[in-house]
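To start, the structure itself, in C-alpha cells.
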Amino acid sequence: MQIKKSLMSVLIAGAMVALPQTALAGWTLDNQNSALSFVSVKNSAVTEVHQFKNLSGLIDDKGLVMVDIDLASVDTKIEIRDQRMKDMLFNVDNYPEANLSAQINIEQLVTLKPGQSMVMPIDLELALHDKTQKIKTTVSVVVLEEGALQVTTIEPVVIYANQFGLEDGVKALQEVAKLNAIALGVPVNAQFVFKPE
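Structure below.
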C-alpha cells in the first residue's frame, strides 16, 4: 500500500511539472496595457469615444474571469463632462464600480504557445447599479511572451443604459448639455492583458 501511495505521488508530481506554469496559477489584469472604451452618440449623428482608465481583475486557475471597472476613472477628454458622468450618470458615490465576469475554457488556453491565438464565444455578466445583464460575445485570446494573455472583443458589445436604470441619468446629461438626444445604446470595445501570477 505504501509503495502504491509513493508511486501515485511521483506520478502526480510529474504531471504537475509537465504542465505549463500558467496552468498552475492564475493571471492578474495589467491595467497599463489594457483598454476599455465606449462610444456615445448625440443628436443622432455626433460620435465620441471615451474610456475607463482604471481597471483591475484576474483569471483564476479554473478559468473564472473577473474585471472591476472604476467608474470614477471615466475619461471623455473634457473635464466637466467627466464630472457630470460621474455625478449624474454613474452616481459614483453610491456605485463606484461596474463588474464583469465570465468563464473561459482554461484547458484549451494552456496548450497554446506564445504568438498563438484562439477565438472563443463567451457569456459575460455585467453588474452595474445593482442590476445584472447576461451578454453573449466572441473574444480573441492571444498568448503573449512569458505566458501573458491578451483578451480582445471581436466586435463591439452594445450596452443599453435603460437595462441598468441609467436612462434618467442620460436624460439629465442631455438636458444639461442642451442636446436633442443621446443614444441609450453604447458600443463597448475591450482589450484586456492578463499577466501570470
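Take the sequence shown: its letters are residues -25 to -1, 1 to 172, numbered as in mature numbering (1 follows the signal peptide of the UniProt record, and there is no 0). Even glycine gets a Cβ: it sits at the ideal position worked out from N, Cα and C.
Legend entry - Length of the line joining the Cα atoms of P171 and A156: Here residue 171 corresponds to residue number 196 of the sequence shown, with the count starting at 1. Here residue 156 corresponds to residue number 181 of the sequence shown, with the count starting at 1. So the alpha carbons of these two residues sit roughly 44 Å apart.
Inset, instruction - With DSSP collapsed to three states, give me the class of A(-3). - result: On the sequence shown, position 23 is the one that residue -3 refers to. In this predicted model, A(-3) has a pLDDT of only 49, less than 50, meaning its place in the structure is not dependable; the value taken from the coordinates is given anyway. Helix, per DSSP.
Inset, instruction - Can you grab the Cα-Cα spacing for the pair L101 / L159, in whole Å? - result: Taking the first residue of the sequence shown as position 1, residue 101 is located at position 126. Taking the first residue of the sequence shown as position 1, residue 159 is located at position 184. Cα-Cα distance, rounded: 16 Å.
Legend entry - Contacting residues, own chain, Cβ-Cβ under 8 Å from N80 (five flanking each side not counted): For the purposes of this step, residue 80 is taken as residue 105 along the sequence shown, with counting starting at 1. Around N80: G38 and M95.
Legend entry - Neighbourhood of K17 by C-beta, 6 Å cutoff - its chain only, sequence neighbours within 5 removed: In the sequence shown, counting from the first residue as 1, residue 17 sits at position 42. Excluding sequence neighbours, K17 sits near L154 and I157.
Legend entry - C-beta contact flag for V145 and L64 at 9 Å: Mapped onto the sequence shown, residue 145 falls at position 170. Mapped onto the sequence shown, residue 64 falls at position 89. Yes, the pair counts as a contact, with Cβ atoms nearer than the cut-off.
Legend entry - Which residues DSSP lists as bridging G160, in chain order: Your numbering for residue 160 matches position 185 in the sequence shown. Y135, per the DSSP bridge assignment.
Inset, instruction - Check K109 in the structure and name its three-state DSSP category. - result: Here residue 109 corresponds to residue number 134 of the sequence shown, with the count starting at 1. Here K109 sits in strand by DSSP.
Inset, instruction - Determine the burial state of V40: buried for a count of at least 16 other Cβ atoms within 10 Å of its Cβ, exposed for fewer. - result: For the purposes of this step, residue 40 is identified with residue 65 of the sequence shown, where counting begins at 1. Its Cβ being crowded by 16 or more others within 10 Å, V40 is buried.
Inset, instruction - Just the C-alpha distance for K28 and D68, rounded to the nearest angstrom, thanks. - result: Residue numbering aside, residue 28 sits at position 53 when the sequence shown is read from its first letter. Residue numbering aside, residue 68 sits at position 93 when the sequence shown is read from its first letter. Their backbone Cα atoms lie some 18 Å apart in a straight line.
Legend entry - Classification of F169 by the beta-carbon crowding that lies within 10 angstroms, buried from 16 upward: Mapped onto the sequence shown, residue 169 falls at position 194. F169 comes out buried.
Legend entry - Residues near residue 200 by beta carbon distance below 7 Å, same chain, minus five either side: With the chain represented from -25 up to 172, any question about residue 200 goes unanswered, as that position is not in the structure.
Inset, instruction - Check L87 in the structure and name its three-state DSSP category. - result: Translated into the one-based positions of the sequence shown, residue 87 becomes position 112. Coil.
Inset, instruction - Please check the pair L42 and F167, which I expect to be a contact at CB under 8 Å, by giving their CB distance rounded to whole angstroms. - result: Translated into positions along the sequence shown, residue 42 becomes position 67. Translated into positions along the sequence shown, residue 167 becomes position 192. The residue asked about is misnamed: residue 42 is Val in this sequence, not Leu. Yes, they are in contact, since the Cβ atoms of V42 and F167 sit about 6 Å apart, within 8 Å.
Legend entry - According to DSSP, residues forming a beta bridge with Q125: For the purposes of this step, residue 125 is taken as residue 150 along the sequence shown, with counting starting at 1. Paired residues: V117 and V168.
Legend entry - Other residues of its chain near G140: CB distance less than 7 Å, five sequence neighbours each side excluded: Position 165 of the sequence shown, counting from 1, holds the residue named residue 140. Hits under 7 Å: H104 and K106.
Legend entry - Of the listed residues A123, S31 and L99, nearest to A(-1) (C-alpha basis): Your numbering for residue -1 matches position 25 in the sequence shown. Taking only the C-alpha atoms, the option nearest A(-1) is A123.
Inset, instruction - Please work out which residues of its chain come closer than 6 Å, Cβ to Cβ, to A165, disregarding the five sequence neighbours upstream and downstream, and give them in chain order. - result: Counting from 1 along the sequence shown, the entry for residue 165 is found at position 190. Answer for A165: L11 and T128, listed in chain order.
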